[in-house]
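**Q** The listed protein sequences correspond, in order, to chains A and B.
Using this note's numbering, read the first sequence as starting at 1 and increasing by one per residue.
Using this note's numbering, read the second sequence as starting at 1001 and increasing by one per residue.
After the structure tokens below, expect a handful of questions from me.
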Amino acid sequence: MTKTVLAVDDSASLRQMVAFSLRAAGYLVTEAVDGQDGLEKARTQIFDLVLTDQNMPRLDGLALIRALRALSTYQKVPILMLTTESSDEMKLKGKAAGANGWLVKPFDPQRLIEVVKKVIG
Amino acid sequence: MTIDMRQFFQVFFDETEELLAEMEKLLLSINLAAPDEEELNAIFRAAHSIKGGAGTFGITDLTDITHELETLLDLIRKGEMGLTAKHVDAFLEAKDILKMQLDGHRLHTPVNQETVTACRCRLQALAHFAGAQPSQRIANQSTSSSPAGTRRLTIALPSMPPSELESLSLELATLGMLTRSSQLDGKPVLTLDTTSTIDDVAAICMFLVDPKEMLITEDNQHIPGAAETDAGFGFFEPMNVDQLAGSPLLAAHELATEKAREQAQGYGFFAPFTTFVAPEAPAVIHHDAPEVAADMRSAANRREPERATASSESTSIRVSIEKVDQLINLVGELVITQAMLEQRTDKLDPMLHERLLNSVTQLTRNTRDLQEAVMSIRMMPMDYVFSRFPRMVRDLAGKLGKKVEFVTIGAATELDKGLIERIIDPLTHLVRNSIDHGIELPAQRAAAGKNETGRLSLSASHQGGNIVIEVTDDGGGLSRERILGKAVESGLPVSDAMPDAEVWQLIFAPGFTTAEEVTDISGRGVGMDVVKRNIGSLGGSVDIRSAAGFGTTISISLPLTLAILDGMSVRVGEEIYILPLGYVIESLQPEVIDVKGISGQGRVIKVRGEYLPLIALHEIFGITPQHQNPSDGIVVILESDGRKAALFVDDLVGQQQVVVKNLESNYRKVAGISGATILGDGGVSLIVDVSTLIRSSQRLADETLFSS
């Protein structure tokens, strides 16, 4: 079955790049324009993987991860942060919020596909 | 599989442009004394997004400035540095630089690298100029986007006087442990253990040393023990945060391993992914560090944007203007065909052809709706124009030492795209004038008992078939005496008894300026006449209201669109001409006695005690008229630019909306004609250029009247 991915990023260009790359790799990608939008979309469908940006209006990445982990349906869904901040502090925050991993921006599409493959196959 | 990143460039460019505009808007409205946290966050986010996108899409020159911006903004939003006007100036400058770089990529316009470097240095200098704050703390913060921890930098400097070396050493010592390690062929070499980045160090050195002559290198090895201070962070599969905090050395070691791995691949997982099948694993993750999580939740809550802005997911599409124009053109043709059909069926017997006539009526209605809908595609909100001004007003006011509050009203008012683009220049001129000549200096204002801050407003509103745009300032107003004095000097025909409205119109005379000093902003005497001409060419008019001491309002009235016009059709001989209804005041059949010829130079007509020049349309276009005598035909009183004239025609035919066809693009420019249209019967009719007509007649008439 085709795996589904939720890509959350307020930057249209990055979001489209992520979505395009993953679609090209055979995933079914849903885009969300910010954390709030992502949360609403996650409520209506259980995705196989969530990729989220950190800095977003309305609801940032960490808050989204926490909100998702609070949902019974998202206890086991892998969540990766796509972040420009690779500091340990940020990683700690991400882990505490419930993220399963991170990918540092900028990344190229191949790297992204490689990482996503590692997680959900 | 390769993915071509270039396909995302256009989206990135558009997005960046929007972010920059948003950033500028926020910077202009920000309250220096008490900056809104959410606004600061939004500005930070804009810089951050641009940097992220630029990095991803390989447009690396944009990342330099955005990185500096981000660093500074981060300090400010965390409250570690106060926001000052200096910052806002630097940010605005950075925005301009980014726009220039963006245009360089997008439109291949030249990019001035010197200004880029200057801007970057300015931002870096600001980041280091942190007042009484311990610089160690600032330096720590400023590197938050790079791996934390102390690094050893080797700074090779050119030969320099001992005093300069001394002051540089002092500066650098604020960043960390500084040792003067060795001298290579007489040139000093410094070693600095610091948490700052190479860029930060370079920024400091730049004040004393030419960047080309120095070399800063980083020793890759982490300084033993230094990492310990940062430990307590880092989380890898075998341990949780508590453990880490308890065993800093181990953590530091793990951290280093992790760092190396991350450097290599740029990603990491907090737990092996087998855990996704193992049901208990997520629970572990969840309970990792409850206090920290709680801490962060409250921190996030504080910072969490609560903006209710609708999701930015776009519901619009971009279409080239040619397609829209083609559509408008086609609808124009349809309107003509429909008018033809209507005219032909008019003669049919309504009893016999009831159903056909009903259908035609229906078609008429549909056509009108369609036309309106299509025209609305070309409509754009005035905000497109207005949004350019806050920045300009701010810069100008700053330059002139004036305080100006800028207000816009009716930014949502829509206007045809063709018009909106051509209104920018005249409006810019008027706004400049208002700030330069209108609004007084703060001291002058205070002396006059006014608020030190002047008020400049731009407003747009619909009035009938027109849009009225007004530039209003609460400055000193126009000086009647000075304008009249200047007019006499320039040899313009004036008298002291002229009403105010006519006096104000004098400033539209070519080369007219009352400014005592010519500044580089305005007052060069090329201005108001150009404004007036530009507006006139758009079919609009300019009006001035002013009261000494209270300010000036310049009011521009424009037709909503250039493509459709309310016209009055008049007949001369066999020809039908269209007069734009906006110019028509009234029409009347004059008495013989009211028409007077003056010394062979032309005729005037007396209308309600006022003598107006009489223009015979048949004489201008060389047509054989039905009537030679005005009292047998009709005169239409026209007004343009506050001047009136009477146009003698044979007959009035009616009023109708006409679709304007450009004569220049289909034939060539004809004096006295502004365009053409196709009538319901398929015939072509010319639209009279009323303002030119009145202008050319006026000179003649003025001479006639003044000489009599």
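Yeah, the Cβ is synthetic: ideal placement off N, Cα and C, and Gly gets one too.
Any idea what DSSP makes of arginine 1668/B, helix, strand or coil?
**A** Coil.
**Q** Straight-line CA distance for glycine 1597/B to arginine 1455/B?
**A** Computed Cα separation, rounded: 51 Å.
**Q** Identify whether glycine 101/A lies in helix, strand or coil by the three-state DSSP scheme.
**A** Reduced to three states, the DSSP call for glycine 101/A is strand.
**Q** Ignoring anything shorter than 4 residues, give me the alpha helix (DSSP H) runs that lie fully in the segment 59–118 of chain A, in order along the chain.
**A** Qualifying alpha helix (DSSP H) stretches, in chain order: 61–69, 88–97.
**Q** From the DSSP output, read off the bridge partner residues of phenylalanine 1406/B.
**A** DSSP output for phenylalanine 1406/B lists Leu1456/B as bridge partner(s).
**Q** Taking C-beta pairs closer than 8 Å, name the residues in chain B that threonine 84/A reaches, listed in chain order.
**A** Here the neighbours are His1048, Lys1051, Gly1052, Gly1055, Ser1145.
**Q** When DSSP labels each residue in this structure, what does leucine 1184/B get in the three-state scheme?
**A** No answer about leucine 1184/B holds up, because its pLDDT of 49 lies below 50 and its placement is not dependable.
**Q** Counting contacts by CB-CB distance shorter than 7 Å, is arginine 1365/B in contact with chain A?
**A** False, the Cβ-Cβ gap to chain A never drops below 7 Å.
**Q** Please classify valine 1407/B as buried or exposed, where buried requires at least 16 other C-beta atoms within 10 Å of its C-beta.
**A** Looking at its Cβ environment, which holds fewer than 16 other Cβ atoms inside 10 Å, valine 1407/B is exposed.
**Q** Does the beta carbon of valine 1015/B come closer than 7 Å to any beta carbon on chain A?
**A** At residue 1015/B the sequence reads glutamate, which differs from the valine that was named. Yes, glutamate 1015/B lies at the interface with chain A (some Cβ there is under 7 Å from its Cβ).
**Q** Can you find at least 3 beta carbon pairs, one from the segment 1547–1556 of chain B and one from the segment 1484–1498 of chain B, that sit closer than 8 Å?
**A** The segment 1547–1556 of chain B, when compared against the segment 1484–1498 of chain B, does not touch it at the 8 Å Cβ threshold.
**Q** Quick one: is serine 1522/B buried, meaning 16 or more other Cβ sit within 10 Å of its Cβ, or exposed?
**A** Because the pLDDT of serine 1522/B is 48, which lies under 50, any placement of that residue in the model is unreliable, and the number read from its coordinates should be weighed accordingly. Result: buried.
**Q** How many Å lie between aspartate 1061/B and glycine 1055/B at the Cα?
**A** Between aspartate 1061/B and glycine 1055/B, the C-alpha separation is close to 9 Å.
**Q** Flag this pair as yes or no: are the beta carbons of glutamine 1343/B and glycine 1680/B separated by less than 7 Å?
**A** It is a contact, given that the beta carbons lie within the stated cut-off.
**Q** With DSSP run on the structure shown, which of helix, strand or coil describes glutamine 1463/B?
**A** Glutamine 1463/B falls in the strand class under three-state DSSP.
**Q** If you reduce the DSSP assignment to three classes, tell me which class glycine 1438/B lands in.
**A** The answer is helix: DSSP assigns glycine 1438/B an H, G or I state.
**Q** Please name the residue, chosen from Val1584/B, Phe1550/B, Val1471/B, that lies closest to alanine 1448/B on a Cα-to-Cα basis.
**A** Selected option, being the one with the closest Cα: Phe1550/B.
**Q** Going along the chain, which residues of the segment 1551–1577 of chain B sit with their C-beta nearer than 9 Å to a C-beta in chain A?
**A** Result list empty, no residue passes.
**Q** Three or more beta-carbon pairs under 8 Å between the segment 53–69 of chain A and the segment 81–91 of chain A, yes or no?
**A** Enough Cβ pairs lie closer than 8 Å, so yes.
**Q** Kindly indicate which three-state DSSP category leucine 1026/B falls into: helix, strand or coil?
**A** DSSP places leucine 1026/B in helix when its eight states are reduced to three.
**Q** Assuming leucine 1357/B contacts leucine 1348/B under a Cβ cut-off of 8 Å, what Cβ separation, rounded to an integer in Å, is found between them?
**A** About 7 Å separates the two Cβ atoms, so the contact holds.
**Q** Give the range of the alpha helix (DSSP H) segment to which lysine 41/A is assigned.
**A** Where lysine 41/A is concerned, the enclosing alpha helix (DSSP H) stretches over 35–44.
**Q** For proline 1580/B, count the other beta carbons within 10 Å of its own beta carbon; 16 or more makes it buried, fewer makes it exposed. Which is it?
**A** By the neighbour-count rule (16 or more Cβ atoms within 10 Å), proline 1580/B is buried.
**Q** Give me the Cα-Cα distance between methionine 1/A and alanine 24/A, rounded to the nearest whole angstrom.
**A** When rounded, the distance between both Cα atoms is 16 Å.
**Q** Helix, strand or coil for proline 1390/B? Go by DSSP, reduced to three states.
**A** The answer is helix: DSSP assigns proline 1390/B an H, G or I state.
**Q** Which first and last residues belong to the beta strand (DSSP E) in which phenylalanine 1648/B is found?
**A** 1643–1649 is the extent of the beta strand (DSSP E) around phenylalanine 1648/B.
**Q** Among residues of its own chain, excluding the 5 on either side of valine 77/A, which ones have a beta-carbon nearer than 8 Å to its beta-carbon?
**A** Taken in chain order, the residues that qualify are Ile46, Phe47, Asp48, Leu49, Val50, Leu68.
**Q** In this structure, does DSSP put glutamate 1038/B in helix, strand or coil?
**A** In the structure shown, glutamate 1038/B sits in a helix (DSSP, three-state: H, G or I).
**Q** According to the neighbour-count rule (16 or more other Cβ atoms, all chains shown, within 10 Å of its Cβ), is histidine 1462/B buried or exposed?
**A** It counts as exposed.
**Q** List, in chain order, every chain A residue whose beta-carbon is nearer than 7 Å to that of phenylalanine 1717/B.
**A** As displayed, chain B neither begins before 1001 nor continues past 1708, which places residue 1717/B out of reach and without an answer.
**Q** Have a look at serine 1640/B and threonine 1692/B and give me their C-alpha separation to the nearest angstrom.
**A** Rounded to the nearest angstrom, the two C-alpha atoms are 9 Å apart.
**Q** The beta strand (DSSP E) that contains isoleucine 1576/B, what's its start and end?
**A** Residues 1575–1580.
**Q** Would isoleucine 1593/B be called buried (16 or more neighbouring beta carbons within 10 Å of its own) or exposed?
**A** That one is exposed.
**Q** Is there at least one Cβ from chain A nearer than 7 Å to arginine 1106/B's Cβ?
**A** By this cut-off, arginine 1106/B is not an interface position.
**Q** When you compare only the Cα positions, how much space is there between aspartate 1416/B and asparagine 1329/B?
**A** Answer to the nearest angstrom: the Cα atoms are 15 Å apart.
**Q** Mind checking the segment 1090–1121 of chain B against chain A and listing, in chain order, the residues whose C-beta falls within less than 8 Å of any C-beta there?
**A** From the segment 1090–1121 of chain B, no residue has a Cβ closer than 8 Å to chain A.
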